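Asks:
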Amino acid sequence: MRNIFIFIILFFLFIFQIFFLNNLPLFKYLNLVLIFIIFFFLQKFSLSLSVAILGGLIMDSGSFFPPGFFSLNLIFLCFFYYLLAKRINLKTLSGFLFFSFLGIVFYQIFLFLSAYLLFFLNFLTIRPLINRTYLFDFFYFLIVNLVILILFFIFYERSHSKFLEKRKGSDG
Amino acid sequence: MFKVKYNWLFVIVLILLVLLIIFKGEFVLLKSFKGLGKFFYKSSVDLTQKNEDSELKKQLNNLKIENTKLKILQNENEVLRKYLNLKNVDYKVSLANVLNKRKEINIEWYLLDKGERDGVKEGMAVINENGFFVGKINKTENNFSYFLPFSSPYFRISVEILSAKQTQLVLGVLEGEEGLALEINYILHDAEIEKGDKVVTSGLEESINPVKFAQGGAARQSRLFHRVKPGLLIGEIVAVKDDPHQLFKKAVVKPFSQEKNLKIVGIVMPAP
Chain G
7 MRNIFIFIIL FFLFIFQIFF LNNLPLFKYL NLVLIFIIFF FLQKFSLSLS
57 VAILGGLIMD SGSFFPPGFF SLNLIFLCFF YYLLAKRINL KTLSGFLFFS
107 FLGIVFYQIF LFLSAYLLFF LNFLTIRPLI NRTYLFDFFY FLIVNLVILI
157 LFFIFYERSH SKFLEKRKGS DG
Chain V
12 MFKVKYNWLF VIVLILLVLL IIFKGEFVLL KSFKGLGKFF YKSSVDLTQK
62 NEDSELKKQL NNLKIENTKL KILQNENEVL RKYLNLKNVD YKVSLANVLN
112 KRKEINIEWY LLDKGERDGV KEGMAVINEN GFFVGKINKT ENNFSYFLPF
162 SSPYFRISVE ILSAKQTQLV LGVLEGEEGL ALEINYILHD AEIEKGDKVV
212 TSGLEESINP VKFAQGGAAR QSRLFHRVKP GLLIGEIVAV KDDPHQLFKK
262 AVVKPFSQEK NLKIVGIVMP AP
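Encoded structure:
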């Protein structure tokens, strides 16, 4: 029940991001789908995978790229993150920061490479370019999402430790 | 003890009442209470006024909302009127609402609510309410289409420069660039162009999409594709880059339209 409620909220959040936040100057770099995929790695892999499927499908709607481009990429990325998460301690801030950094960078690389692949396979008319604008956007995307992820982590850790303290108190 | 006190109190109240009747309310004690009364009265009046104010404020807010709605409608009306006023043109304009604007992997696109069902084909030009060229349809679906603005770095279009000095055709390739200006490449060296020359679409490009061509053959290609209408105004030249060591000239173009904040656009269709 709790998960269904979370997914309903996430659905509206992702819609809000794609149809509203994408048109705002700084918020256009915010990718809530990616943020929640990485963030839910603190809890459960299955939750991240579900977010990837839901977010990918929403991102695919009204997309210039062929259908399934974002959802397949995000699902693939989720499994990649799973392998990455096994090697990094996500309980510490530095570990989570490193994981998030790699996650965001790999997201951009994966998208770019798959767009390139689609271009070579004749599924995309536009050949992706790496130019000054792309690098500028890449940098902003990294900073904005990383900052939000750190805030999420701090908030999560605080609420989590408070919850554990309360539980200890009630048990004691 | 209590009885005595009670009696005294009764006497005092009685005397006060008698005095009140005699002096018709203008009792000395009341004067001292005047300030307090005034305060209470004022607060009560304020309270009722506040109620009235809040009513008025509500009405004012409603009017503001109504006014804003009317303004939005007025703006929309003006835009539509401008599209209707596009006279002396040999093409049909199909209006489309912009549903969304997105940018992924440096590719920026607009989503429009008109698609193949409405006769939209890839390669069709997109104009704004003043008739200025803003982009080109790059992908179509049954009910939707996607257009690439000229400010996109992926944008390329064959253009004609209406030279004031030269009567011969001056052609070039306009390349999209983020910012306020665009650049025309591949202008022949002997072309006489100068600042202020107007730039229009040439309609000479071959809109052949290798993807669709491979998938559906030439017949499908001709059904789906369309050349950009020639003669659509893009902008004017603000600078000419003439390097004698280079094979071609370059020109910087200031577009007449800014494609930001587009809500309604016109898709240029062939005249019926």
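Line by line, the protein sequences are chains G and V. Residue 108 in the working numbering is what sits at position 102 of the first sequence, and the numbering runs on without skipping anything. Residue 237 in the working numbering is what sits at position 226 of the second sequence, and the numbering runs on without skipping anything. Don't be surprised by glycine CBs; every beta carbon is placed ideally from N, CA and C. Predicted, not measured: the structure shown is a model, and the values here were computed from it.
Rounded to whole angstroms, how far is the Cβ of V/Asn139 from the Cβ of V/Leu273, which I believe are closer than 8 angstroms?
Replies: On the second sequence, residue 139 of chain V is found 128 positions in, with the first residue counted as 1. On the second sequence, residue 273 of chain V is found 262 positions in, with the first residue counted as 1. With 8 angstroms as the limit, V/Asn139 and V/Leu273 qualify as a contact, their Cβ atoms being about 7 angstroms apart.
Asks: Can you list the residues of chain V that G/Ile44 reaches, using a CB-CB cut of under 8 angstroms?
Replies: As a first step, residue 44 of chain G is located in the first sequence; it is residue number 38 there, counting from the start. Here the premise fails: no neighbours, minimum Cβ distance about 18 angstroms.
Asks: According to a CB-to-CB cut-off of less than 8 angstroms, which residues of the segment 18-34 of chain G neighbour chain V?
Replies: The segment 18-34 of chain G vs chain V, Cβ under 8 angstroms: Ile24, Phe25, Asn28, Asn29 and Lys34.
Asks: Any Cβ of chain C within less than 8 angstroms of the Cβ of G/Phe70?
Replies: Here the protein chains are G and V, and chain C is not one of them.
Asks: Mark V/Ile248 as exposed unless 16 or more other C-beta atoms lie within 10 angstroms of its C-beta, in which case mark it buried.
Replies: Looking up residue 248 of chain V in the second sequence gives position 237. Buried, by the Cβ-count rule.
Asks: Shorter than 8 angstroms from the beta carbon of G/Ala121 to some beta carbon of chain V?
Replies: Taking the first sequence and counting its residues from 1, one reaches residue 121 of chain G at position 115. Yes, G/Ala121 lies at the interface with chain V (some Cβ there is under 8 angstroms from its Cβ).
Asks: Checking contacts by CB at 8 angstroms: is V/Tyr102 closer than that to chain G?
Replies: The residue given as residue 102 of chain V occupies position 91 in the second sequence. No, its Cβ sits nowhere closer than 8 angstroms to a Cβ of chain G.
Asks: Report the start-end ranges of each beta strand (DSSP E) in the segment 173-198 of chain V that is 3 residues or longer and not cut off at the edges.
Replies: DSSP runs (the beta strand (DSSP E)) wholly in the segment 173-198 of chain V: 181-186.
Asks: Look at V/Ile116 and G/Pro72 and say whether their C-beta atoms are less than 8 angstroms apart.
Replies: Residue mapping note: residue 116 of chain V aligns to position 105 of the second sequence, counting from 1. Residue mapping note: residue 72 of chain G aligns to position 66 of the first sequence, counting from 1. It is not a contact, given that the beta carbons lie outside the stated cut-off.
Asks: Per DSSP, what kind of secondary structure is G/Ala91 in: helix, strand or coil?
Replies: Locating residue 91 of chain G in the first sequence gives position 85, counting from the first residue. Here G/Ala91 sits in helix by DSSP.
Asks: Closer than 8 angstroms, CB to CB, is V/Asn111 near chain G or not?
Replies: Taking the second sequence and counting its residues from 1, one reaches residue 111 of chain V at position 100. Chain G contact via Cβ: present.
Asks: Go ahead and pull the three-state DSSP assignment for V/Gly277.
Replies: Along the second sequence, one-based indexing puts residue 277 of chain V at 266. If DSSP states are grouped into helix, strand and coil, V/Gly277 belongs with the strands.
Asks: Counting Cβ pairs closer than 8 angstroms, one from the segment 74-83 of chain G and one from the segment 100-107 of chain G, do we hit at least three?
Replies: Not touching, per the Cβ criterion.
Asks: Quick check on V/Phe267 - is its C-beta less than 8 angstroms from some C-beta in chain G?
Replies: Locating residue 267 of chain V in the second sequence gives position 256, counting from the first residue. Answer no: the Cβ-Cβ gap between V/Phe267 and chain G never drops below 8 angstroms.
Asks: Does the segment 77-84 of chain V come close enough to the segment 106-123 of chain G that 3 or more CB-CB pairs lie under 8 angstroms?
Replies: Taking 8 angstroms as the limit for Cβ pairs, the verdict is that the segment 77-84 of chain V does not touch the segment 106-123 of chain G.
Asks: I need the boundaries of the alpha helix (DSSP H) containing V/Ile118, first residue and last residue.
Replies: Here residue 118 of chain V refers to the residue found at position 107 of the second sequence. Segment Ile118 to Leu123 is the beta strand (DSSP E) holding V/Ile118; no alpha helix (DSSP H) there.
Asks: Excluding sequence positions up to five away, which residues of its chain have a Cβ less than 7 angstroms from the Cβ of V/Thr212?
Replies: The sequence position of residue 212 of chain V within the second sequence is 201, counting from 1. Only Ala136, Phe144, Ile168, Val170, Val239, Lys240, Pro241, Gly242, Leu243 and Ile245 meet the Cβ criterion.
Asks: According to DSSP, is V/Ala202 helix, strand or coil?
Replies: Locating residue 202 of chain V in the second sequence gives position 191, counting from the first residue. Residue state, collapsed to three classes: coil.
Asks: In the DSSP assignment, the alpha helix (DSSP H) including G/Leu60 goes from what residue to what residue?
Replies: In the first sequence, residue 60 of chain G corresponds to position 54, counting from 1. Phe51 to Asp66 is the extent of the alpha helix (DSSP H) around G/Leu60.
Asks: Where does the unbroken alpha helix (DSSP H) through G/Phe11 begin, and where does it stop?
Replies: Residue mapping note: residue 11 of chain G aligns to position 5 of the first sequence, counting from 1. Start and end: Arg8 to Phe25.
Asks: Please tell me whether G/Tyr140 has its Cβ less than 8 angstroms away from any Cβ of chain V.
Replies: Looking up residue 140 of chain G in the first sequence gives position 134. Closer than 8 angstroms to some Cβ of chain V, the Cβ of G/Tyr140 qualifies, so yes.
Asks: Using a cut-off of 7 angstroms between C-beta atoms, extract the partners of V/Leu122 located in chain G.
Replies: Within the second sequence, residue 122 of chain V is the residue found at index 111, counting from 1. The contacting residues are Gly68.
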